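So the sequence shown is residues 1 to 1053, counted in the UniProt record's numbering.
Ideal Cβ placement from N, Cα and C applies to all residues, glycine included.
These numbers come from a predicted model, not from an experiment.
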Amino acid sequence: MAFLEWRKFNFFDLKKDADDGKIADLLKESKVNTISTWSNNANSVVIFGTSSGYIHLISRTWQVQTFQAYDKNVILSDTHYPAILVTIGEDEVQVPSMKVWNLSKLTKTGIPTCLRTYKPQSQMNRSPTCLTIGEGGQLLAVGYNNGTIDLHRGDITRDRAKVKTLVANNGIIYGLGFKAVTKCVHLFISSSKGVLVYTLTGRDRENKLTLDKSECDPGYCAPPERSSEDHSDFMVGRIDAVYCYSADGRGPCYAVKGEKLYLQWFRSHLVILSQIKQLTTSSRNSKLQLTVLDIQNKFIVFSSPVDDFEHIFTEWGACYILTSNNEIWHLDEKDLQSKLNLLFKKNLYDVAIRIAKKQQYDSDSLSDIFRQYGDHLYAKGDYGSAVEQYIKTIGSIEPSYVIRRFLSSQHIDHLTSYLQALHRQGYASGDHTTLLLNCFTRLDEPEQLANFLKASDRELDFDVDVAIQVCRTVSIDQALELAKKHGKHDLCLKILLEDMKKFDQGLDYIESLEFDDAMKYVSAYGTILLEIMPKESTDFLKKLCTDYHPKNKSLIDIQLQNNIDYANPEDYIHLFHDNSEYLIEFLECLVKTRTACDTLVYNTLLEQYLQKWARNNTLDITKERILEIMKDNNASYDEHHILVLCHTYKFYPGMLYLYEKTKMYELIIRHSLKHKDYNNVLDVCRRLGSSQPSLWLQALWGVCRNQDAPKAIVAEMLQFIAKEKLQSPLQVLDCLSIPEGPTLGTAREYFIEVFQQESDNTREVNELINKYRSESERIKKDIVNMQEGSIEFRGARCSACNHPLELPSIHFLCHHSFHQHCFQSFSEHESECPACQPSNKQVLDLLHSQVNPKTLHDSFHKALDQSEDSFLHVAEYFSKGIFGKAPIVLPEKEKKSIIQESKNYYSNDLLVKHVSNTNNVNSTYDPGAEAKIRLSEGGKQPVLERPISEGRMRQNEMKANSYNATLVANISNINAVSNTNITTTSSKYMGATEKDNSSNPQNNSIMDELDKKTNPFYDDYDESKNPFTPNYEANSGNVFVDDYDKNLNPFET
C-alpha cells in the first residue's frame, strides 16, 4: 500500500525537556553510544552506555545509578530477563571485550556484579557493530563490520558457552534479531549486501537463507519482538520504503520517503526517523522527519519534523527521543477518547471501531460507536449496512430504538433481519417473537417461517409460547407440532381439547406424560374428560393413583424405576361431581388396591353408597357393603362424619353400629325406645350395663313412660338393678313415680327385696355400734387405771431366758420382764421391749407409710373408684380416724431452745398458726403405743405456716414457730411420756426417772410466764375448752377411735 494513500491523524504530542534537564547535567560532554532497557515485576530501568566507558541506570523518576564498565568506551549493550546486561566496550588497549553483568546482584561498592568477561579472537579490520540476545538467554550474536557474526551457544553468563563465527557476507552487519518458533530459532541479519536468515537447530547446525540481495545501503532495522505475535516480522528500512521479512521471504513494504535513520517498535506502532533531502534553488539541504505508523490499521498516527536526533527508546509505556545535546523529548500519546472524537468529526467510524477494539474498549462504549455508525449509515440511506451495525449493538441498546426506524412496510426485510439476529443472541421477548412471525407472514415466506421454528440444529432463540400462540391463528397443525416438539404440554392440550376437540388424543397425550405432568394436567382437564369419556378417564385415574407409568415408556425403563408413583386421590374426587357410579368404581379400586387410604376416600365412598341406598333402600348388596366397610378395621373413615350421613339418609343399622363403636350407648337406648324395640333395649343393657349402669336407669325411665311397653321387661329390669346394685331405690322410685306409669304390683317384688336388705344392714350396723361402744368404755377404764391407779408387775420369770427373775431386773408396761443382763444381750434399743419389737416394727412401718400423703391419697381414690358404695367407703375412712394428724414429738434437747426462741418470736408480735396434731399421745394406750412414742421422738420438726420473712429471720422463725402458746404444755406432756415409758427396779433407772420428774416445775413456771406476758388472750382463757390440755378427752364421743388406721387416711402427713 502506498504511503501517500494512508490517512493521517495526529494522535501524539511531542514534548521537549521531559526530564527537566537531568540527563543533560549527568552526561555533560559524554556521548551516548548505546541504549537498552530492562524491566521485571518490581521496576524497570533504561541503560545508557557512554563514550567515557560509564553505564548509567536510569529509573522512571530519572534517578541515575552510574558505574564504570570500561576505561575508554562502551560500544554496544543489550539486556535479558532476569537482570542480565551484556556490554561490549574498549579499555586502554583498544581491544573490544564483552562483559556480562548481573543487575540484581550488587557488590560491596554498590555496582552490579560482573559475571563474565570475554575477549574475542583478535582479527584485523573487525569491529563490532550490533549485538542481540536470544530468548531464554542461551543464544547471543555479535555482528561485525566485515560481515562476520559470533554466535554464542549455552549459558552466556558462564565461560563454557560455545562460540562459533558465521560468515554472512562481505558487507557491514547493521542489525540482528532472534525469533523463536516451535522447534528452532531464526537469526535475522541485515547488512549492506542484503538480508538473510540463519535457522538454528539442535546439534549446533545452522541453515542459511538469503532473503534479499539488493545492494542498497539500509539504515537501521527493527528486530522482531520476542513476545509479540503482531511484530513477528524483521523490519528493514531503505531509502524507498520499509520492508518486512519473515523466515519464508520478503513480505509487504511500506513506502516512506527519505533515508531511514532509525526504526523502533512502540506498542502496535512503528516509529520511523527518516532524513528527507530537499532541493532548493539556492542550496541542497535536508530535514529530519519523525513518523509513527499504525501498521495494522494502515494509517499514520503522527508525522512531524524534528530538529535534532541521536537515539529513540521506549520504556515505561512511552516513547522518548534523545537528542545530540542529551535532551529528552517525550512522544506523548493522546487518550483514547480524544482519538475517537477526532475520528467522529470526520465520520471515520470504521477506523474508530478498529482502534477501540485494538485497545480493548468496553462493550457498552463500543456499542455506542456501532450505534453512531448505524445512525450515520441510516441517514445516508444505506439501510442494509445500518442494520449490520445495529445488530452489533444488541444487548446494549434497547431494541425498540432500532425497531422504530424500520417499522414501515418498505423496510420490513431489514426489520426481519434485525429481529432474527435479536432471537439468535437471546435478547428477544414475546413481543419481538410475535413481530417477527408477523413479518414472516407479511413477507409470505412459509419456508423461512418453518426454518425459523425448526430449532433442532441450533439453540432455541425465540419464545416458544408466543410462537405457538401466533401459529394458532395461522396454522393450527404447525402450532401443535411446535408445542409437542418443545414439550409445551399446556399449549398442546389447549390445542387438542379446545381448538381441535380431539379428546381421545388429549387423553392419550396426558397418559404419555411423566407422573408430575400427568397429575397437573388431569387436574386441569379431568372434568371435561370425565364428561366426554367417563370410562377411559376413570381407568386412567385408577392407574394414576395406584401404579402409574407413562404410556410410551419401555418395559426396561419401568423395571429399572426404583420408586412407584402414587397420586393423591383427594385431588381428583371433585372431578366426579355428577357421576356417582364411576366415582364408586374409582374409590373401590383404591380401597382394594392400596393398603392404606386417606379418610376422605372412605368418607366419600360411604357417602356415595348411602346416597345410592337412599335412592333404592331395597338393595341388600349396598347395605351389606356399607356395613362391611364400616366394620373393616383398616377403614380409616371419620366416625362422626359418617354418623351424620347415616342419620341424614336414615341408615339405622349403620347408626346403631357407630353408636356402639363410639361408646354412645345412651343414643342406642334412645333410638331403640323411639322405635319401640324393647328387646334391643334389654339386650344393650345386659351387654353394656355393667360398665355403664346409667343405661339401666335410662332404659327404665324410657320404658316406664311408654304405656305400650311389656310389664315383664320392667320387672326384669328392676330385678337386674337390684341384683347388681346398679341404682339406688330412690332413683328407681323417681323413675316409677310418673302419671300413668307402671303399677305398684310391677315393682312390688323389687321393693320387698330392697327393704329386706336395708333391714339386715341396719341390724348389722347396730351390732357394730354396741360392740365399739363397749370396747370404748373398757379402754377408758384401762386408761384411768393406768393414770391414777398403780400397776402391779407379777412376772416371775424372765421373758428371754425363762428363768426366775433376780435383781436387777427390768419391767415393761406390756407386762414383759427381763434380767438386766438378758435385756442388754437381746435388746436392740435400751428403751424397747425385745419381745414386742416385731409387732412394734410393723406398727412403725404403718406409721411411716402415713407420712407419704401422696401414696395414701392414691390408694384412697383407687379404692373409692372400685367401691360399689362410695359414701360407705368414705364413712369407713372417717370412722377409723385416718383423716387426723399424727402426733409429732421433739427430743428433749430441743425443748429449751424452742422455749427461748418462742419468747423472742412472741416479743416481735408475730402470730404463728401451729398445724401439728394436738392429740395427747398418752390419752390412749394400746400394744403399739411404745412404737408410736419412739417414732415421735425421732421425728422432724412440724411444718409451719409463716408470715412474710426475709434473710436470717427465716431461720429464726423455723425454730421459734415450732409451737404456739401451749408450747410448755406440750413439753410437759412429752416429759410425762418419757417418764412412763420404762419402769425399772434398779437404782440407775429410778434415778433417771426422778431427774426427769424434777424438771416439771420449771416447765410449769415457763408456761405461766409465757401465758401472762405474750398471750393476748390470757384474760379470756378457759382451760376446759382447750383441746390441747392433758385432761381434755378429744375422742370421748368418738365410738370409732379404736378402728382408726392411719395407713388408710389419705390426708395424714
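Per the DSSP calculation, residue i is bridged to which residue(s)?
i: D332; result: D13
i: A318; result: E315
i: H80; result: I84
i: Q121; result: None; Q121 has no bridge partner.
i: E90; result: N73, P96
i: Y254; result: V242
i: Y54; result: Q68
i: H269; result: F266, D294
i: D150; result: V142, T165
i: S817; result: H811
i: W613; result: Paired residues: none, contrary to the question.
i: W701; result: None, per the DSSP bridge assignment.
i: K8; result: I300
Is residue i helix, strand or coil by DSSP?
i: K358; result: helix
i: N961; result: Here the model assigns N961 a pLDDT of 45, short of 50, so the residue's position is not dependable, and the following value carries that caveat. Residue state, collapsed to three classes: coil.
i: H432; result: helix
i: C589; result: helix
i: D578; result: coil
i: Y1032; result: For Y1032, the predicted model reports a pLDDT of 47, less than 50, meaning its position is unreliable; a value from the coordinates is still stated below. Coil.
i: Q289; result: strand
i: F860; result: helix
i: N43; result: coil
i: C801; result: coil
i: P305; result: strand
i: C471; result: helix
i: L348; result: coil
In the DSSP assignment, the alpha helix (DSSP H) including residue i goes from what residue to what residue?
i: Q505; result: 503-511
i: R625; result: 620-631
i: L187; result: Careful: L187 lies outside any alpha helix (DSSP H), inside the beta strand (DSSP E) at 185-191.
i: K484; result: 476-485
i: I668; result: 665-674
i: residue 1055; result: Any question about residue 1055 goes unanswered here, given that the chain covers just 1 to 1053.
i: I391; result: 383-391
i: S408; result: No alpha helix (DSSP H) contains S408, which DSSP labels as neither H nor E.
i: residue 1071; result: In this structure the chain extends from 1 to 1053, so residue 1071 is not present and cannot be described.
If you follow the beta strand (DSSP E) that residue i is part of, which residue opens it and which one closes it?
i: Q65; result: 64-68
i: T37; result: 32-39
i: F266; result: 259-266
i: K535; result: Note, K535: premise wrong, no beta strand (DSSP E); alpha helix (DSSP H) at 534-546.
i: I173; result: 173-180
i: P128; result: 128-133
i: Y198; result: 194-201
i: M235; result: 234-237
i: residue 1054; result: Residue coverage of the chain in this structure runs from 1 to 1053, which leaves residue 1054 outside it and unanswerable.
So residue i and residue j are supposed to be a Cβ contact under 8 Å. How far apart are they, rounded?
i: I156; j: V100; result: 6 Å
i: L270; j: L261; result: Between L261 and L270 the Cβ distance is about 14 Å, and since that is not below 8 Å, they are no contact.
i: G53; j: Q65; result: Not quite, the Cβ-Cβ distance comes to about 16 Å (not below 8 Å), so this is no contact.
i: F823; j: I810; result: 5 Å
i: C130; j: G175; result: 6 Å
i: D638; j: T599; result: 5 Å
i: K488; j: V464; result: 6 Å
i: Q608; j: I642; result: Not quite, the Cβ-Cβ distance comes to about 12 Å (not below 8 Å), so this is no contact.
i: W329; j: K15; result: 7 Å
i: F12; j: L331; result: 5 Å
i: A796; j: L807; result: Between L807 and A796 the Cβ distance is about 13 Å, and since that is not below 8 Å, they are no contact.
Verify the contact flag: residue i, CB atom, against every heavy atom of the ligand SAH, threshold strictly below 7 Å.
i: Q65; result: As for the ligand SAH, it is missing from this structure, which has no ligand bound.
Measuring only between beta-carbons, confirm whether residue i sits less than 8 Å from chain D.
i: T165; result: In summary, chain D is missing from the structure at hand, where a single protein chain is found.
- [ ] Would you check if the segment 252-268 and the segment 233-240 touch, i.e. whether three or more CB-CB distances between them fall below 8 Å?
- [x] Here the segment 233-240 makes contact with the segment 252-268; the two share three or more CB pairs at distances below 8 Å.
Task: Any 3 or more C-beta pairs closer than 8 Å across the segment 30-49 and the segment 145-162 - done: Short answer: they don't touch.
Open item on the list: Does the structure place the segment 37-44 close enough to the segment 325-339 that three or more beta carbon pairs sit under 8 Å?
Closed with: At 8 Å Cβ cutoff, the stretches do not touch.
Task: Contact the segment 767-780 vs the segment 745-753: 3+ CB pairs below 8 Å - done: Contact annotation: the segment 767-780 does not touch the segment 745-753, with fewer than three C-beta pairs closer than 8 Å.
- [ ] Determine, using beta-carbon pairs with one atom in the segment 565-573 and one in the segment 610-629, whether at least three such pairs fall under 8 Å.
- [x] Cβ pair count under 8 Å is below three, so no.
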